[in-house]
Amino acid sequence: MSANITNPPSPADIELARESSRAFSRLAPRHGRSLSLSVQSGNPATEKNPDSVELIEIPSSVVDVIKQVLAAMAEGNAVSIIPVQTQLTTQQAAIILGVSRPFIVGLLENGKIPFVRVGKHRRIMLQDLLNYKKASQEEQSKILDRLAEEGQDLGIGY
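Counting from 163, one number per residue, gives the positions in the sequence shown under the numbering used here.
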């Protein structure tokens, strides 16, 4: 299962996402609390007989996802939601990390990211790719902190 909005949202959808994002951010709980939403299909302002209204409870983790989706759409971006158990091709992994496919293959062959072979093709679990990305970002942050510290010690700014 995955959900995709592969084309950028229309100007009307962007505006609606902006309005919804603002309202959602104001009303949604901040830290780890669920949210109850009143859901009604159609537009009650323009329809004489709107469909029934239901109250649904949204888990806190889903509240965060909705916030992120609305924010991305408000900026005019297409959105994709993929389960972490998804297997990716090397090209998909490269796109997610913003690197070339040969670079990904090198990471796989050097054991930096686990993978499985399906026939002659390599497949990467999204969770493994995200773990690599997080570890890589943490390492980069530590290196930048050390460089800034050395720059201060040497009196060259930073």
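Built from N, CA and C at the ideal position, the CB exists for glycine as well.
Roughly how many angstroms lie between the CA atoms of residue i and residue j, to the nearest whole one?
i      : j      : result
Gly268 : Ser214 : 55 Å
Ser262 : Ala256 : 5 Å
Gly317 : Asp307 : 15 Å
Leu250 : Leu259 : 12 Å
Ile275 : Gly281 : 19 Å
Ala190 : Ala297 : 30 Å
Phe265 : Gln289 : 19 Å
Arg285 : Pro171 : 30 Å
Ile325 : Val227 : Absent from the structure is residue 325, since the part of the chain shown begins at 163 and ends at 320.
Ile243 : Leu197 : 20 Å
Asn239 : Asn272 : 34 Å
Lys229 : Asn293 : 23 Å
Val224 : His283 : 33 Å
Leu309 : Lys295 : 21 Å
Thr248 : Glu312 : 42 Å
Met163 : Met287 : Here Met163 scores only 46 on pLDDT, less than 50, and its place in the model is too uncertain to base an answer on.
Gln314 : Gln299 : 22 Å
In terms of residues, what are the limits of the alpha helix (DSSP H) holding residue i?
i      : result
Pro173 : 173-189
Asn293 : 288-316
Classify residue i as buried or exposed, calling it buried when 16 or more other Cβ atoms lie within 10 Å of its own Cβ.
i      : result
Val278 : exposed
Ser187 : exposed
Val231 : buried
Ala236 : buried
Ser183 : buried
Going residue by residue through the stretch 194-251, where are the continuous alpha helix (DSSP H) segments of at least 4 residues, counting only ones entirely within it? 222-236
Contained alpha helix (DSSP H) runs [length at least 4] in the stretch 252-282, N- to C-terminal order: 252-259, 263-271
For the stretch 174-184 against the stretch 195-202, do three or more pairs of beta-carbon atoms, one drawn from each stretch, fall closer than 8 Å, so that the two count as touching? no
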